[in-house]
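Visitor:
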(Lines of atoms letter the chains of each structure in order from A and count residues from 1; the text may use other names and numbers.)
(Lines give C-alpha, C1' and ligand atoms only; values in the text may rest on other atoms or scores of the structure.)
Protein backbone atom coordinates (compact mmCIF):
# COMPACT_ATOMS: atom_id res chain seq x y z
CA UNK A 1 0.00 0.00 0.00
CA UNK A 2 1.61 3.26 -1.19
CA UNK A 3 0.61 6.02 1.24
CA UNK A 4 0.62 9.69 0.27
CA UNK A 5 0.79 12.36 2.92
CA UNK A 6 -0.19 16.02 2.97
CA UNK A 7 0.14 18.65 5.69
CA UNK A 8 -3.16 20.46 6.22
CA UNK A 9 -2.14 23.07 8.79
CA UNK A 10 0.95 24.15 10.71
CA UNK A 11 0.45 26.43 13.71
CA UNK A 12 2.93 28.27 15.89
CA UNK A 13 2.04 28.14 19.56
CA UNK A 14 3.44 30.55 22.17
CA UNK A 15 3.67 29.80 25.87
CA UNK A 16 4.61 32.68 28.15
CA UNK A 17 7.04 31.48 30.82
CA UNK A 18 9.05 33.24 33.53
CA UNK A 19 12.03 34.00 31.27
CA UNK A 20 9.99 35.14 28.26
CA UNK A 21 8.17 33.28 25.52
CA UNK A 22 8.53 29.65 24.50
CA UNK A 23 7.61 28.83 20.89
CA UNK A 24 6.50 25.43 19.66
CA UNK A 25 4.67 24.12 16.59
CA UNK A 26 1.82 21.77 15.89
CA UNK A 27 0.92 20.11 12.60
CA UNK A 28 -2.23 18.49 11.24
CA UNK A 29 -1.73 16.07 8.36
CA UNK A 30 -3.68 13.56 6.30
CA UNK A 31 -2.41 10.21 4.99
CA UNK A 32 -4.18 8.17 2.32
CA UNK A 33 -3.58 5.64 -0.43
CA UNK A 34 -5.98 7.17 -3.04
CA UNK A 35 -7.85 3.85 -2.83
CA UNK A 36 -10.44 4.43 -0.06
CA UNK A 37 -8.07 4.31 2.96
CA UNK A 38 -7.40 7.51 4.89
CA UNK A 39 -6.44 8.92 8.30
CA UNK A 40 -5.56 12.20 9.98
CA UNK A 41 -2.81 12.83 12.50
CA UNK A 42 -1.76 15.58 14.87
CA UNK A 43 1.76 16.24 16.18
CA UNK A 44 3.42 18.82 18.43
CA UNK A 45 7.13 19.64 18.75
CA UNK A 46 9.62 22.47 19.18
CA UNK A 47 10.65 22.27 15.51
CA UNK A 48 8.34 22.33 12.48
CA UNK A 49 9.92 19.27 10.85
CA UNK A 50 9.54 17.20 14.04
CA UNK A 51 5.87 18.25 14.39
CA UNK A 52 5.18 17.19 10.78
CA UNK A 53 6.93 13.82 11.29
CA UNK A 54 4.93 13.17 14.45
CA UNK A 55 1.63 14.05 12.79
CA UNK A 56 2.32 11.75 9.81
CA UNK A 57 3.36 8.87 12.10
CA UNK A 58 0.21 9.44 14.16
CA UNK A 59 -1.92 9.30 11.00
CA UNK A 60 -0.31 6.07 9.75
CA UNK A 61 -1.28 4.30 12.98
CA UNK A 62 -5.01 4.84 12.53
CA UNK A 63 -5.91 4.23 8.87
CA UNK A 64 -9.60 3.60 8.22
CA UNK A 65 -11.21 2.06 5.16
CA UNK A 66 -14.10 3.88 3.46
CA UNK A 67 -16.95 1.92 1.87
CA UNK A 68 -17.08 3.38 -1.67
CA UNK A 69 -17.19 2.60 -5.34
CA UNK A 70 -16.93 4.73 -8.44
CA UNK A 71 -15.95 8.38 -8.80
CA UNK A 72 -18.24 9.87 -6.12
CA UNK A 73 -20.04 8.91 -2.90
CA UNK A 74 -23.25 6.87 -3.09
CA UNK A 75 -25.46 9.14 -0.95
CA UNK A 76 -25.55 12.45 0.91
CA UNK A 77 -23.98 12.26 4.35
CA UNK A 78 -23.57 14.63 7.32
CA UNK A 79 -20.68 14.38 9.79
CA UNK A 80 -20.25 16.13 13.12
CA UNK A 81 -17.43 16.58 15.60
CA UNK A 82 -18.00 18.99 18.48
CA UNK A 83 -19.33 22.17 16.84
CA UNK A 84 -17.92 21.44 13.36
CA UNK A 85 -20.37 19.98 10.85
CA UNK A 86 -19.60 18.77 7.33
CA UNK A 87 -22.10 17.96 4.57
CA UNK A 88 -20.89 15.75 1.70
CA UNK A 89 -23.04 15.38 -1.43
CA UNK A 90 -22.55 13.18 -4.48
CA UNK A 91 -22.34 14.89 -7.88
CA UNK A 92 -22.02 14.06 -11.57
CA UNK A 93 -18.81 13.00 -13.25
CA UNK A 94 -16.52 15.88 -14.20
CA UNK A 95 -17.61 18.25 -11.42
CA UNK A 96 -14.42 17.84 -9.40
CA UNK A 97 -13.91 18.38 -5.68
CA UNK A 98 -15.78 21.45 -4.46
CA UNK A 99 -14.68 21.83 -0.85
CA UNK A 100 -12.71 23.95 1.57
CA UNK A 101 -8.98 23.30 2.05
CA UNK A 102 -9.26 20.87 4.98
CA UNK A 103 -12.09 18.77 3.50
CA UNK A 104 -10.43 18.86 0.05
CA UNK A 105 -7.16 17.44 1.42
CA UNK A 106 -8.95 14.49 3.02
CA UNK A 107 -11.24 13.80 0.04
CA UNK A 108 -8.25 13.83 -2.36
CA UNK A 109 -6.38 11.28 -0.24
CA UNK A 110 -9.44 8.99 -0.11
CA UNK A 111 -9.51 8.91 -3.91
CA UNK A 112 -12.91 10.51 -4.54
CA UNK A 113 -12.92 12.48 -7.82
CA UNK A 114 -16.31 14.30 -7.76
CA UNK A 115 -18.01 15.65 -4.64
CA UNK A 116 -19.72 18.74 -3.20
CA UNK A 117 -19.22 19.77 0.41
CA UNK A 118 -20.20 22.45 2.87
CA UNK A 119 -18.86 23.08 6.36
CA UNK A 120 -20.99 24.59 9.11
CA UNK A 121 -20.20 25.80 12.60
CA UNK A 122 -16.58 25.77 13.74
CA UNK A 123 -13.74 26.79 11.44
CA UNK A 124 -11.17 24.88 13.51
CA UNK A 125 -9.14 22.71 11.10
CA UNK A 126 -8.82 19.77 13.52
CA UNK A 127 -12.56 19.63 14.23
CA UNK A 128 -13.43 19.96 10.52
CA UNK A 129 -11.02 17.11 9.68
CA UNK A 130 -12.57 14.87 12.34
CA UNK A 131 -16.11 15.79 11.20
CA UNK A 132 -15.13 14.88 7.60
CA UNK A 133 -13.83 11.48 8.76
CA UNK A 134 -17.03 11.01 10.75
CA UNK A 135 -19.07 11.64 7.59
CA UNK A 136 -16.91 9.29 5.49
CA UNK A 137 -17.31 6.49 8.08
CA UNK A 138 -21.12 6.71 7.70
CA UNK A 139 -20.99 5.98 3.95
CA UNK A 140 -22.43 2.71 2.64
CA UNK A 141 -22.61 1.22 -0.81
CA UNK A 142 -26.13 0.29 -1.97
CA UNK A 143 -25.17 -3.39 -1.73
CA UNK A 144 -24.09 -3.02 1.91
CA UNK A 145 -27.27 -1.09 2.79
CA UNK A 146 -29.54 -3.70 1.17
CA UNK A 147 -27.77 -6.58 2.97
CA UNK A 148 -28.02 -4.74 6.30
CA UNK A 149 -31.77 -4.20 5.83
CA UNK A 150 -32.36 -7.69 4.42
CA UNK A 151 -33.96 -6.45 1.18
CA UNK A 152 -33.04 -6.61 -2.50
CA UNK A 153 -31.43 -3.75 -4.42
CA UNK A 154 -34.69 -3.25 -6.39
CA UNK A 155 -36.63 -2.80 -3.13
CA UNK A 156 -33.95 -0.42 -1.86
CA UNK A 157 -34.32 1.83 -4.91
CA UNK A 158 -38.11 1.51 -4.99
CA UNK A 159 -38.29 -0.38 -8.30
CA UNK A 160 -41.59 -2.29 -8.63
CA UNK A 161 -41.24 -5.80 -9.95
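Residue numbers (this note's numbering): 2 to 162.
Every residue, glycine too, gets a C-beta built ideally from N, C-alpha and C.
Going by beta carbon distance, what residues of the same chain come within less than 6 Å of residue 12, once the five residues before and after it are set aside?
Guide: For residue 12, where only same-chain residues beyond five positions count, the Cβ hits under 6 Å are 27.
Visitor: Skipping 5 residues on each side, what residues in its chain have a beta carbon closer than 6 Å to that of residue 120?
Guide: Correct list, in chain order: 87, 101 and 129.
Visitor: Which of the three DSSP states is assigned to residue 111 in this structure?
Guide: Helix, per DSSP.
Visitor: If you drop the 5 nearest sequence neighbours on each side, which residues of the same chain put their C-beta closer than 8 Å to that of residue 47?
Guide: Result list for residue 47: 24, 25 and 26, in chain order.
Visitor: Considering only C-alpha positions, which residue in the set 109, 69, 30 and 62 is nearest to residue 51?
Guide: Here the closest residue by C-alpha is 30.
Visitor: Identify whether residue 96 lies in helix, strand or coil by the three-state DSSP scheme.
Guide: The answer is coil: DSSP assigns residue 96 none of H, G, I, E or B.
Visitor: So, residue 118 versus residue 104, is the Cβ gap smaller than 8 Å?
Guide: Yes, Cβ-Cβ distance for residue 118 and residue 104 is below 8 Å.
Visitor: Are the CB atoms of residue 32 and residue 67 nearer to each other than 8 Å?
Guide: Not a contact, by the Cβ cut-off of 8 Å.
Visitor: Run through DSSP, which three-state label would residue 128 get?
Guide: Note: residue 128 maps to helix in three-state DSSP.
Visitor: Give me the DSSP bridge partner(s) of residue 120.
Guide: Paired residues: 87.
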